[in-house]
Structure formats: structure tokens, C-alpha cells
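Novice:
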Ligand code: NDP
């Protein structure tokens, strides 16, 4: 088959789906869909509609990365999990057969009951412990029953740069908590979504050449660990790479599955034997640590890092920068990532740009109504940026933090609503761009004197600041109205 092959990808926005969008691209035309796609129906909770989609697209390959993967939640939604994980793959398989197309489907270690310590082979009898495992097993069975050109890859403990997964959860917790308790009696292999997607792309031409290799395969990273070992590895590596991790090795406690309250029972032995995959396709899965190290090196999937300042709500955002010989690229802001990392749902409505000469000091400004959260970045030059907490009843009211920001550092400062803000230019000139969460209301604008001795802000003293008349005449902190937190 030539590169004109048509590939229909379901679940394009999942951990694996995102990586597949990348890895499948060189193989032909990829029609990538997810539950909300408008061009073709792709909602797996209405499996019957999928037949129409397959008939309209007429693909050579169907890649199914869509699944109901919320293991605990599935216990309370067995019908929905069944529709998505069992019925939908069955329909895709029937349609693939009708067209003479291939179906590549993913399944899970959770089809096994987790007994023993030997890695499970493809011929071992499944006996799932939970709704997720049962529905995934039925999905496999329906695929096998309905079509001849299929490949099922059973995998385990998938992590990727997108979506939620254990590695990213641990990274988050390690930056905010002092101690962690992690299950140590479930054993498996953390498997990279990037590797699985690359494997998928590599298998497609191989199967086209040798259709007799169709079947069920275990596809996981090499080696094994517990969730506890996994957490320790991720956190230790992150620390080595300079992540602001608070948790030390000794702070990561072990707990047993029985102590750890989860909605669904999980297998203790999730080891999957990959002998069949290696023998059939000559593919050697990488050690589980390899992909994790790669993911961490490129920002742990987080396109920005968040470091709290001495006032914990004032945050320094450092983007993950991708360099190559053309220059560099980074996401300077991503609302979803910001929410994942901070729990703050921010919505910016205005963006302001200022150009200032050396020693210009603007501030300290705030709005007493319509308080603005601000995200500040320097496009050119260097500034000393100050945030003063003026939220009445805040534990840090009257305290300030100062941070040096420069264009080359690409860092930004998040100042939540309820702070006064000011900066002083340290370079010959500086261009500052900042987004705000509320509009500018001149009638609500107030200012606090920049050099109020009560505040003792540590401005760079070697320069005499250049001030506007208004900023020279601001009231002192004690005379200024505080922001009433709602
Ligand atoms: P994700 O949960 O990251 O992605 C699943 C995808 O399915 C998402 O894009 C999701 O969309 C989509 N989806 C959910 N409900 C529907 C629906 N009703 N209609 C259409 N699409 C829907 O899973 P992974 O990428 O991690 O998993 C890929 C495969 O690997 C799955 O088959 C999974 O069972 C298997 N697997 C995963 C493991 C893991 O640890 N994650 C372990 C072992 C196997 P949305 O985001 O909009 O909900």
C-alpha cells in the first residue's frame, strides 16, 4: 500500500491520540476525530453512528485510541463504559471487515486479575477485576469476532505529555506537598504514549506486507516497577533537572492497595510479557525509565513551570523552550496548563503594552473595584517588578515581593487580583506586555507611594527613579484603601 493510505483516527485528543496525530502523519492522509468532531460523528457513547462515519471516510486503516479510561468512575457508569469500550470497537471492527480495512485497537493489562508474579502472555486467561477491565476485554473479543484484519495492542500505565496521568500528577503534587503516600504492591511498566504511537506507525507497513501477523500483542515498556518506584523515579529525575520539587526521597511513603481507598479494584500483577511482539516484528521495547526521562527533559509535558514566590499566590511562570537551528519556540501562555498546574481558572480580557526608558518607575497601581489579575512579561530589556499584597485579611497583607524579569529569561509573573503592582526599568529601555483579568477603570484606579518607608521596598537604589506626577503624589500604604476580598 502506498503513502496515499487513508487513516481514520478516533480519540485524537487523548494521551495516545495526540501522539498518533504526529506519528501517523507521514503514512498518509489522517482524518483525526474526537467526541466533539463536527465533520463526522465520533461519539462512542452512540456507537451506531460510527458505522456511518467509517462508510463516509472509507479508510484503509482505523486506529482506535478512544476509550472510557476513568477506571474508578467506570464502576458507577458501567453502561457508558460498555458502549465506549465494548460496543463501539465491535462496530468499528464490523465496518473494517465490510471495507476490507485494518483496525488497530488498544487494550489494557486490566483484563487480568493480577494474580501471581509472572508476566502475563497473550494466551493467559483474562479475568478482569473491575468494570473498566471487563468492558475493555469485551471490546477485544468483539474486535476479534468481527474482523480478520485487526491488531490489538494491550498496554499498561500509559503516560504522555498531554492529558492526565500518574507521572504528571506526581510532578504536580511534589511541587505543592511535603509528603506523598504511594501504592507499592501493584507492579507494572509505565509505558510512553509517544513510544506506543511510534510503534503503531512502524507496525502499519509491516502488517500490510505480512497480514498473517494480525492478532493480539502485549506492547509495554521493558522492566517493571511499582507505582511507588515510579513516583520516586519521576520525582528524583525532576529534581535533578531543576524542577522546584519540595518532596524528598524519604518523604515518599509506601501504602498498600488495601490501605489506599480507590473506587475500583486493580490488579497487583500488571506485568505483560512482550515476547510475541518482539519475535513477530523484531521490536525491542525501551526500558520504562527512558521515555519518562525524555518526557521530563522536554518539560514533563508541562509547557510551563510554575514557581511560587515568597507570597505563594504570586507565581513565576517559566515556559518550556524548544530550541533548534532556526531559533526557538515556546508557548508563552496556555490557559489549560495554567489551570492544571495552579488550579486557577483565569480569563484575560485586556492586554497592555508599555515602552519605558531606564530608571522609569511605574506604580504602585491597583483598582479598588474590578481588581485585575496580571500576567507580566518583558519583551525587550530588564525590569524589577513588584507585587504588594493589599487584600484585607490576607495573611500576607502589606507584604511585597520583587522579581527581576528580562526578555531573554522568558519568565512571566502572575499577580492575582488584590495586589498593587509596579516596576522599575533596569535596562536602557524596556518593553512590557501584560494581560489583565479585568478591564481598566480609571475611576477605580488607586496608587500607593513607591517609596513608602512602611513598605521598605527594595528597589534598585543606584538609580533615581523617573516618575509621573501622579506616581510622585500617591498616598502612603497606611492611607490607601485595601482591597476587600470577596
Ligand atoms: P485518554 O483517556 O487519554 O484518551 C481517551 C480518548 O477517548 C480521549 O480523547 C477521550 O476524549 C476519548 N473519549 C472518551 N469518551 C469518548 C466518547 N464518548 N466518544 C469519543 N471519544 C471519547 O486515554 P489514553 O490515550 O491513555 O488511552 C489510549 C488507549 O490505551 C485506550 O484504549 C486505553 O484503554 C488504553 N490503555 C490506557 C492506559 C492508561 O494508563 N491510560 C493503560 C492501558 C491501556 P475526551 O478527552 O474528550 O474525553
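In the working numbering, the protein residues as written are 5 to 490. Every residue, glycine too, gets a C-beta built ideally from N, C-alpha and C.
Which residues in the same chain as residue 99 place their Cβ atom closer than 8 Å to its Cβ, once the five residues preceding and following it in sequence are excluded?
Specialist: Answer for residue 99: 54, 55, 58, 59, 66, 105, listed in chain order.
Novice: In this structure, does DSSP put residue 5 in helix, strand or coil?
Specialist: Because residue 5 sits at a pLDDT of 48, beneath the cut-off of 50, its placement in the model cannot be relied upon, and the following sentence gives the value as read from the coordinates. Reduced to three states, the DSSP call for residue 5 is coil.
Novice: Between residue 288 and the rest of its own chain, which residues show a CB-CB distance below 7 Å, the 5 nearest in sequence each way excluded?
Specialist: These residues qualify, in order along the chain: 282.
Novice: So, for residue 488: in the same chain, excluding its five sequence neighbours on each side, which residues have a beta-carbon less than 7 Å away from its beta-carbon?
Specialist: Within the same chain, residue 488 has close Cβ partners 396.
Novice: What do you get for residue 144, buried or exposed, if any count of 16 or more other CB atoms within 10 angstroms of its CB means buried?
Specialist: By the neighbour-count rule (16 or more Cβ atoms within 10 Å), residue 144 is buried.
Novice: Anyone know if the C-beta pair for residue 113 and residue 276 falls short of 8 Å?
Specialist: Contact flag set, yes.
Novice: When the Cα of residue 170 is compared with those of 103, 430, 187, which residue comes out closest?
Specialist: If we check each option's Cα against that of residue 170, 187 comes out closest.
Novice: Name the DSSP beta bridge partners of residue 219, please?
Specialist: According to DSSP, residue 219 bridges with 155.
Novice: Would you say the beta carbon of residue 112 is closer than 7 Å to some non-hydrogen atom of ligand 1?
Specialist: Within the cutoff, so yes.
Novice: Please indicate yes or no: does the CB of residue 21 lie closer than 7 Å to some heavy atom of ligand 1?
Specialist: The answer is yes for residue 21.
Novice: Only counting the same chain, and skipping five residues up and downstream in sequence, which positions put a Cβ closer than 7 Å to that of residue 185?
Specialist: Excluding positions up to five away in sequence, the list reads 257, 259.
Novice: Would you mind sorting residue 366 into buried or exposed? The rule is 16 or more other CB atoms within 10 Å of its CB.
Specialist: Buried: at least 16 other Cβ atoms inside 10 Å.
Novice: Please find out if some non-hydrogen atom of ligand 1 comes closer than 7 Å to the beta-carbon of residue 49.
Specialist: Indeed, a heavy atom of ligand 1 lies less than 7 Å from the Cβ.
Novice: Report the CB separation of residue 387 from residue 434 in whole angstroms; it is logged as a contact under 8 Å.
Specialist: Between residue 434 and residue 387 the Cβ distance is about 5 Å, and since that is below 8 Å, they are a contact.
Novice: Going by the beta-carbon positions, is the gap between residue 215 and residue 153 smaller than 8 Å?
Specialist: Yes; because the gap between Cβ atoms is below 8 Å, this pair is in contact.
Novice: I need the DSSP call for residue 273, collapsed to helix, strand or coil.
Specialist: Three-state DSSP puts residue 273 in a strand.
Novice: With C-beta atoms as the reference, is residue 204 less than 8 Å away from residue 224?
Specialist: The answer is no: Cβ separation not under 8 Å.
Novice: Does the beta-carbon of residue 358, which I'm using as the reference point, lie nearer than 7 Å to any heavy atom of ligand 1?
Specialist: No - ligand 1 has no heavy atom lying nearer than 7 Å to the Cβ of residue 358.
Novice: What residue range is occupied by the uninterrupted alpha helix (DSSP H) comprising residue 136?
Specialist: 135-150 is the extent of the alpha helix (DSSP H) around residue 136.
Novice: Here's the rule I'm using: 16 or more other beta-carbon atoms within 10 Å means buried, otherwise exposed. How should residue 149 be labelled?
Specialist: Under this definition residue 149 is an exposed residue.
Novice: Please name the residue in 16, 173, 8 whose C-alpha comes closest to that of residue 25.
Specialist: That would be 16, whose Cα lies nearest to the Cα of residue 25.
Novice: Starting from the C-beta of residue 436, find all residues in its chain whose C-beta is less than 6 Å away, skip the five residues before and the five after it, and write them out in chain order.
Specialist: Within the same chain, residue 436 has close Cβ partners 358, 382.
Novice: Less than 7 Å between the CB of residue 137 and some heavy atom of ligand 1, yes or no?
Specialist: Every heavy atom of ligand 1 is 7 Å or more from the Cβ of residue 137, so no.
Novice: In terms of DSSP beta bridges, what is residue 184 paired with?
Specialist: DSSP output for residue 184 lists 256 as bridge partner(s).
Novice: State yes or no: is the C-beta of residue 2 within less than 8 Å of the C-beta of residue 115?
Specialist: Absent from the structure is residue 2, since the part of the chain shown begins at 5 and ends at 490.
Novice: Can residue 160 be considered in contact with ligand 1, in the sense that its beta carbon sits closer than 7 Å to one or more heavy atoms?
Specialist: For ligand 1, at least one heavy atom lies less than 7 Å from the Cβ of residue 160.
Novice: Entirely within the segment 83-123 and at least 4 residues each: give me those alpha helix (DSSP H) ranges in chain order.
Specialist: Runs of the alpha helix (DSSP H) inside the segment 83-123: 92-103.
Novice: Could you tell me the alpha carbon to alpha carbon distance between residue 94 and residue 151, rounded to whole angstroms?
Specialist: Distance between the alpha carbons of residue 94 and residue 151 is about 9 Å.
Novice: Report the start-end ranges of each beta strand (DSSP E) in the segment 348-411 that is 3 residues or longer and not cut off at the edges.
Specialist: For the segment 348-411, whole beta strand (DSSP E) runs of length 3 or above, ordered along the chain, are 354-361, 365-371, 378-384, 386-393, 404-410.
Novice: CA-CA distance, residue 219 and residue 111?
Specialist: The straight-line gap from Cα to Cα measures roughly 12 Å.
Novice: If you measure between the beta carbons of residue 409 and residue 417, is that distance less than 8 Å?
Specialist: Going by C-beta atoms, residue 409 is nearer than 8 Å to residue 417.
Novice: Evaluate the contact criterion for the segment 449-464 versus the segment 336-349: three or more CB pairs, one atom per stretch, below 8 Å.
Specialist: No, the segment 449-464 does not touch the segment 336-349.
Novice: Does DSSP put residue 65 in a helix, in a strand, or in coil?
Specialist: It is a strand residue.
Novice: Does the Cβ-Cβ distance between residue 197 and residue 23 come in under 8 Å?
Specialist: Yes.
Novice: My understanding is that residue 91 touches residue 51, with C-beta atoms under 8 Å, so please give their C-beta distance in whole angstroms.
Specialist: About 4 Å separates the two Cβ atoms, so the contact holds.
Novice: What do you reckon, are the CB atoms on residue 420 and residue 377 nearer than 8 Å?
Specialist: In this structure, residue 377 lies closer than 8 Å to residue 420 by Cβ.
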